[in-house]
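Q: In this text, residue positions in the sequence shown follow numbering that gives the first Met the number 0: the first is 0, and each later residue adds one.
Glycine is no exception: its CB is placed at the ideal position from the N, C-alpha and C atoms.
Just so it is clear, the structure is predicted and the values come from calculations on it, not from any experiment.
Encoded as structure tokens, here's the structure I'll be asking about.
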Amino acid sequence: MEVLYEDNHIIVVNKKSGEITQGDKTGDEPLSEKVKQFIKNRDKKPGNVFLGTVHRLDRPVSGIIIFSKTSKALKRLNQMFQKKEVQKTYWAKCISSPPVEHQKLVHYLIKDSTKNKTTAYNVPKDRGKKSELIYTHLKNSEIKNLIEVKPLTGRPHQIRVQLASIGCTIVGDLKYGAPIANKDKSICLHAKSIEFIHPVSKEKIYIKAPIPSKNWK
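Quick look at the structure:
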């Protein structure tokens with residue numbers, strides 16, 4: 000368990016690709032349960048541990064996840080995410096470089112729940128949800144075709160499908176056009192940093208998560 004930050008109200012961990020944030024139909028143990036057990040064993044708590052899930056990452060994605068340890072923090076963090084008061088930054092290693100070094104992308108996304116796949120359109124569509132992000136090509140990085148992404152909305156598969164729509168499919172992301180999968184079934188998309196005002200102390204919090212060692216060099 001890689002804990003990036005913890006206090007009495009929140010715990011922030013670096014999720015591994017392949018882990019699920021919350022329980023799903025696979026029956027695999029979710030990260031939320033792993034964190035509960037970690038706290039229970041470390042602190043020798045006899046009863047149940049309260050842990051609230053505030054947001055999620057797709058299974059093949061790695062990086063920062065915040066959990067709340069109190070109901071007060073959970074309520075306030077949920078409000079902050081709804082009001083877009085939490086700034087998230089992602090890194091994506093792509094199979095090709097973007098056509099423009101820095102720009103804002105606006106698409107209208109429709110998710111097919113039966114296929115668990117999202118389609119991006121350049122013009123408004125019925126049921127299409129407006130989705131926006133700002134990306135920057137980090138040309139000076141040692142990692143080839145590394146793109147920094149700041150999502151302005153939080154749609155399912157948003158970063159994956161929006162980058163793919165400009166020819167920058169993420170390495171390992173077969174669902175959105177990558178030619179081959181990563182051996183561990185991960186994709187090279189990582190929630191790199193997060194910035195927010197602490198829900199209780201009101202202090203400014205900035206947290207970074209190291210990228211995985213596999214598949215990124």
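My parser needs the beta strand (DSSP E) runs of 3 or more residues fully inside the stretch 44-101; what are they?
A: 61-67 and 86-92
Q: Just to confirm, is the Cβ distance from F80 to V53 under 9 Å?
A: The count along the sequence shown starts at 1 and reaches residue 80 at position 81. The count along the sequence shown starts at 1 and reaches residue 53 at position 54. Yes, Cβ-Cβ distance for F80 and V53 is below 9 Å.
Q: Ordered along the chain, which non-local residues of its own chain (more than five positions away) have a Cβ less than 7 Å from that of L188?
A: Taking the sequence shown and counting its residues from 1, the one referred to as residue 188 is at position 189. Around L188: V60, Y89, A91, I158, R159 and I169.
Q: Can you check which of these residues, H156, S67 and V122, is closest to Y4 by C-alpha distance?
A: Walking along the sequence shown from the start, residue 4 turns up at place 5. Nearest C-alpha to Y4: S67.
Q: Might you give, ordered along the chain, the residues of its own chain that have their beta carbon closer than 7 Å to the beta carbon of Q36, omitting 5 neighbours on each side?
A: Position 37 of the sequence shown, counted from the first residue, corresponds to residue 36. Result list for Q36: empty, nothing under 7 Å.
Q: Examine the Cβ distances between the stretch 131-146 and the stretch 97-111 and report whether three or more of them are shorter than 8 Å.
A: yes
Q: Assuming the contact rule is C-beta atoms closer than 8 Å, I65 and I9 should be a hit. Round their C-beta distance to whole Å, please.
A: Reading the sequence shown from its first residue, position 66 is the one you call residue 65. Reading the sequence shown from its first residue, position 10 is the one you call residue 9. That pair is a contact at about 6 Å.
Q: Spell out the partners DSSP gives H136 in its beta bridges.
A: Residue numbering aside, residue 136 sits at position 137 when the sequence shown is read from its first letter. Looking at the DSSP output, H136 shares a beta bridge with I146.
Q: Go ahead and pull the three-state DSSP assignment for L104.
A: Taking the sequence shown and counting its residues from 1, the one referred to as residue 104 is at position 105. In this structure, DSSP gives L104 an extended state, which the three-state scheme calls strand.
Q: Assuming H197 contacts I204 (C-beta within less than 8 Å), just tell me the rounded distance between them.
A: Walking along the sequence shown from the start, residue 197 turns up at place 198. Walking along the sequence shown from the start, residue 204 turns up at place 205. The pair is a contact, with the Cβ atoms about 5 Å apart (cut-off 8 Å).
Q: If you check the beta carbons only, do A208 and A190 fall under 9 Å apart?
A: Walking along the sequence shown from the start, residue 208 turns up at place 209. Walking along the sequence shown from the start, residue 190 turns up at place 191. Going by C-beta atoms, A208 is nearer than 9 Å to A190.
Q: For a quick check, are the C-beta atoms of K129 and H106 less than 9 Å apart?
A: For the purposes of this step, residue 129 is taken as residue 130 along the sequence shown, with counting starting at 1. For the purposes of this step, residue 106 is taken as residue 107 along the sequence shown, with counting starting at 1. The answer is yes: Cβ separation under 9 Å.
Q: Quick check: the Cα distance between L145 and C167, rounded to an integer number of angstroms?
A: Here residue 145 corresponds to residue number 146 of the sequence shown, with the count starting at 1. Here residue 167 corresponds to residue number 168 of the sequence shown, with the count starting at 1. One C-alpha to the other measures close to 10 Å.
Q: Is the beta carbon of L108 less than 9 Å from the beta carbon of R55?
A: Residue mapping note: residue 108 aligns to position 109 of the sequence shown, counting from 1. Residue mapping note: residue 55 aligns to position 56 of the sequence shown, counting from 1. No, Cβ-Cβ distance for L108 and R55 is not below 9 Å.
Q: Rounded to a whole number of angstroms, what is the C-alpha to C-alpha distance between G171 and N47?
A: Walking along the sequence shown from the start, residue 171 turns up at place 172. Walking along the sequence shown from the start, residue 47 turns up at place 48. Near 38 Å, if we compare the C-alpha coordinates of N47 and G171.
Q: DSSP on A180, reduced to helix/strand/coil?
A: Counting from one through the sequence shown, the residue named residue 180 turns up at place 181. Here A180 sits in coil by DSSP.
Q: Apart from the five residues on each side of it in sequence, which residues of its chain come closer than 6 Å, Cβ to Cβ, to K103?
A: The sequence position of residue 103 within the sequence shown is 104, counting from 1. For K103, where only same-chain residues beyond five positions count, the Cβ hits under 6 Å are I133.
Q: For I38, which three-state DSSP category applies?
A: Numbered from 1 along the sequence shown, position 39 holds the residue referred to as residue 38. Helix at I38.
Q: Give the secondary structure of K128 by DSSP, where H, G and I count as helix, E and B as strand, and everything else as coil.
A: For the purposes of this step, residue 128 is taken as the residue at position 129 of the sequence shown. K128: strand per DSSP, three-state reduction.
Q: Quick check: the Cα distance between E84 and L173, rounded to an integer number of angstroms?
A: As a position in the sequence shown, residue 84 is number 85, starting the count at 1. As a position in the sequence shown, residue 173 is number 174, starting the count at 1. Spanning the two alpha carbons is a distance of roughly 32 Å.
Q: Could you spell out where the alpha helix (DSSP H) holding S164 opens and where it closes?
A: The count along the sequence shown starts at 1 and reaches residue 164 at position 165. Unbroken alpha helix (DSSP H) run through S164: Q157 to S164.
Q: On the CB-based measure, 16 or more other CB atoms within 10 Å of its CB, does I186 come out buried or exposed?
A: Taking the sequence shown and counting its residues from 1, one reaches residue 186 at position 187. Classification for I186: buried.
Q: Less than 8 Å between C-beta atoms, sequence neighbours within five positions excluded: which residues of the same chain meet that for E141?
A: What you label residue 141 is simply residue 142 of the sequence shown in a count that begins at 1. Closer than 8 Å at Cβ, skipping near neighbours: K216.
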